[in-house]
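Everything on this sheet refers to the single structure shown next.
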Amino acid sequence: AQKVTQAQTEISVVEKEDVTLDCVYETRDTTYYLFWYKQPPSGELVFLIRRNSFDEQNEISGRYSWNFQKSTSSFNFTITASQVVDSAVYFCALSEAWYSGGGADGLTFGKGTHLIIQP
Amino acid sequence: GAGVSQSPSNKVTEKGKDVELRCDPISGHTALYWYRQRLGQGLEFLIYFQGNSAPDKSGLPSDRFSAERTGESVSTLTIQRTQQEDSAVYLCASSPQEGVSYEQYFGPGTRLTVT
Chain A
22 AQKVTQAQTE
32 ISVVEKEDVT
42 LDCVYETRDT
52 TYYLFWYKQP
62 PSGELVFLIR
72 RNSFDEQNEI
82 SGRYSWNFQK
92 STSSFNFTIT
102 ASQVVDSAVY
112 FCALSEAWYS
122 GGGADGLTFG
132 KGTHLIIQP
Chain B
19 GAGVSQSPSN
29 KVTEKGKDVE
39 LRCDPISGHT
49 ALYWYRQRLG
59 QGLEFLIYFQ
69 GNSAPDKSGL
79 PSDRFSAERT
89 GESVSTLTIQ
99 RTQQEDSAVY
109 LCASSPQEGV
119 SYEQYFGPGT
129 RLTVT
């Protein structure tokens with residue numbers, strides 16, 4: 022069965038520091054998708070990125086970057102020059118491919134990392 | 019356009035009562051998902067709909083939980099004889115199509131407190 026582990030329960034950094042959120046996953050499938058979501062204090066989950074298992078290219082979007090490494094089953098998320106508005110709970114999630122028999126059975130989420138950016 | 023909406027935003031109920039939670043997906047989204055988020059925890063998948071059909075109900079925690087969906091529109095999650103362990107935020111998400119590659123758009127959730 023699939024599993025997502027976010028070992029860091031809470032991280033606190035000072036504004037402008039870089040911070041990396043770790044995500045390690047387990048899956049039987051060779052085809053799967055990985056996601057990151059942000060949950061600010063308001064509570065509504067915000068989609069950040071989707072990555073399929075065949076695309077190991079790192080991605081950068083502004084101050085955000087993602088490092089996908091199949092060899093270590095990791096999909097880490099880095100925020101560069103953090104800002105107070107980045108404070109939120111960040112979730113990593115996994116979805117296995119439909120045709121591999123996993124079914125469209127929703128996303129498997131990690132327990133989240135609470136990121137606190139101090140001014 | 020309008021996002022996923024859920025109602026009520028907060029619900030306090032007494033143990034043993036039934037509750038009904040509502041989700042309005044983004045218009046045109048065929049897939050709809052329900053999740054539960056307990057305090058300080060990640061999201062736990064409950065059920066998904068493709069149209070008004072629910073192929074996978076394996077995530078429902080007990081037979082006290084049921085869900086239905088009208089066409090490709092509103093869905094309701096019903097919890098009968100609520101227990102204190104049902105206290106959580108219930109999140110609904112919709113997706114343009116069924117399939118694991120599509121991102122899910124989440125609603126603000128319903129915070130359920132069972133006293």
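Protein sequence lines correspond, in order, to chains A and B. If you count the first sequence from 1, position 24 lands on 45 in our numbering, and the numbers rise without skipping. If you count the second sequence from 1, position 110 lands on 128 in our numbering, and the numbers rise without skipping. All residues carry an ideal CB built from backbone N, CA and C; glycine is no exception.
Under DSSP, the beta strand (DSSP E) around residue i begins and ends at which residues?
| i | result |
| --- | --- |
| Glu-32 of chain B | Premise fails: Glu-32 of chain B is in no beta strand (DSSP E) and is neither H nor E. |
| Leu-140 of chain B | Outside the displayed span of chain B (19 to 133) sits residue 140 of chain B, for which this structure offers no information. |
| Lys-24 of chain A | 24-26 |
| Ala-102 of chain A | Looking at the DSSP string, Ala-102 of chain A is not in any beta strand (DSSP E), and its letter there is neither H nor E. |
| Ser-105 of chain B | It is not in any beta strand (DSSP E) - Ser-105 of chain B carries neither H nor E in the DSSP assignment. |
| Glu-47 of chain A | 45-47 |
| Ser-23 of chain B | 23-25 |
| Val-67 of chain A | 67-73 |
| Arg-129 of chain B | 128-132 |
Would you kindly work out how many angstroms separate the C-alpha atoms of residue i and residue j, rounded to a whole number?
| i | j | result |
| --- | --- | --- |
| Gly-124 of chain A | Phe-112 of chain A | Because Gly-124 of chain A carries a pLDDT of 42, less than 50, the predicted location of this residue cannot be relied on, and the following value inherits that uncertainty. Cα to Cα, Gly-124 of chain A sits roughly 21 Å from Phe-112 of chain A. |
| Gln-122 of chain B | Phe-67 of chain B | 13 Å |
| Gln-29 of chain A | Glu-117 of chain A | 24 Å |
| Gly-122 of chain A | Tyr-54 of chain A | Unreliable placement is indicated for Gly-122 of chain A, whose pLDDT of 39 sits below 50; the coordinate value is still reported in the next sentence. Roughly 14 Å between the two C-alpha positions. |
| Ser-94 of chain A | Ser-93 of chain B | 35 Å |
| Ser-82 of chain A | Gln-104 of chain A | 15 Å |
| Tyr-120 of chain A | Val-25 of chain A | Only weak support exists for where Tyr-120 of chain A lies, its pLDDT of 44 falling under 50; the coordinates are left without a value. |
| Ser-108 of chain A | Thr-52 of chain A | 32 Å |
| Gln-24 of chain B | Tyr-51 of chain B | 12 Å |
| Gln-23 of chain A | Pro-140 of chain A | 37 Å |
| Phe-83 of chain B | Gly-69 of chain B | 19 Å |
| Gln-55 of chain B | Glu-62 of chain B | 6 Å |
| Gln-115 of chain B | Tyr-46 of chain A | 25 Å |
| Tyr-53 of chain B | Thr-128 of chain B | 11 Å |
| Gly-77 of chain B | Thr-131 of chain B | 21 Å |
| Ile-166 of chain A | Ser-91 of chain B | For residue 166 of chain A there is no data in the structure shown, the boundaries of chain A being 22 and 140. |
| His-135 of chain A | Val-35 of chain A | 14 Å |
| Asn-79 of chain A | Leu-109 of chain B | 30 Å |
| Gly-133 of chain A | Pro-79 of chain B | 21 Å |
| Thr-99 of chain A | Thr-41 of chain A | 4 Å |
| Pro-61 of chain A | Lys-75 of chain B | 29 Å |
| Val-22 of chain B | Val-106 of chain A | 23 Å |
| Cys-124 of chain B | Phe-130 of chain A | Here the sequence assigns Phe to residue 124 of chain B, which means Cys is not the residue at that position. Taking the straight line from one Cα to the other gives about 14 Å. |
| Gly-102 of chain A | Ile-137 of chain A | In the sequence on display, residue 102 of chain A carries Ala and not Gly. Taking the straight line from one Cα to the other gives about 13 Å. |
| Arg-71 of chain A | Gln-59 of chain B | 21 Å |
| Tyr-120 of chain B | Val-67 of chain A | 14 Å |
| Val-37 of chain B | Val-107 of chain B | 13 Å |
| Asp-42 of chain B | Ser-105 of chain B | 21 Å |
Identify which residue in the options has its Cα closest to the Cα of residue i.
| i | options | result |
| --- | --- | --- |
| Phe-56 of chain A | A:Leu-128, A:Tyr-85, A:Ile-137 | A:Leu-128 |
| Ala-20 of chain B | B:Ile-97, B:Pro-79, B:Tyr-51, B:His-47 | B:His-47 |
| Ser-71 of chain B | B:Pro-126, B:Ala-49, B:Pro-26 | B:Ala-49 |
| Lys-35 of chain B | B:Tyr-108, B:Gly-127, B:Ser-23, B:Gln-101 | B:Gln-101 |
| Arg-40 of chain B | B:Val-132, B:Thr-131, B:Leu-61, B:Ala-111 | B:Ala-111 |
| Phe-89 of chain A | A:Phe-75, A:Thr-101, A:Lys-132, A:Gln-27 | A:Phe-75 |
| Glu-183 of chain B | B:Ser-27, B:Ala-106, B:Leu-64, B:Asp-104 | Only positions 19 to 133 of chain B appear in the structure, and residue 183 of chain B is not among them; the question remains open. |
| Trp-87 of chain A | A:Val-110, A:Tyr-58, A:Pro-62 | A:Tyr-58 |
| Lys-37 of chain A | A:Asn-73, A:Tyr-85, A:Val-67, A:Asp-50 | A:Tyr-85 |
| Glu-77 of chain A | A:Ser-92, A:Val-67, A:Ala-114 | A:Ser-92 |
| Gly-89 of chain B | B:Val-37, B:Ser-45, B:Gly-60 | B:Ser-45 |
| Glu-103 of chain B | B:Pro-43, B:Leu-57, B:Ser-113 | B:Leu-57 |
Using only the heavy atoms of the ligand SAM, determine whether one of them is closer than 7 Å to the beta carbon of residue i.
| i | result |
| --- | --- |
| Gln-104 of chain A | For the structure depicted, the ligand SAM is absent and the ligand set is empty, with no information on it obtainable. |
List the DSSP bridge partners of residue i.
| i | result |
| --- | --- |
| Leu-50 of chain B | B:Phe-67, B:Ser-112 |
| Ser-85 of chain A | With the sequence shown as reference, residue 85 of chain A is identified as Tyr, and Ser is not the correct amino acid for it. Bridge partners of Tyr-85 of chain A: A:Ser-82, A:Ile-100. |
| Thr-134 of chain A | A:Tyr-111 |
| Ser-80 of chain B | Beta-bridge pairing links Ser-80 of chain B to no other residue. |
| Ile-44 of chain B | Looking at the DSSP assignment, Ile-44 of chain B forms no beta bridge with any residue, so it has no partner. |
| Thr-129 of chain A | A:Leu-115 |
| Tyr-53 of chain A | A:Glu-117 |
| Leu-42 of chain A | A:Phe-98 |
| Ser-33 of chain A | A:Ile-137 |
| Ala-85 of chain B | B:Leu-95 |
Does the segment 86-104 of chain B come close enough to the segment 22-41 of chain B that 3 or more CB-CB pairs lie under 8 Å? By the Cβ criterion, the segment 22-41 of chain B is in contact with the segment 86-104 of chain B, since at least three pairs of Cβ atoms, one from each stretch, lie closer than 8 Å.
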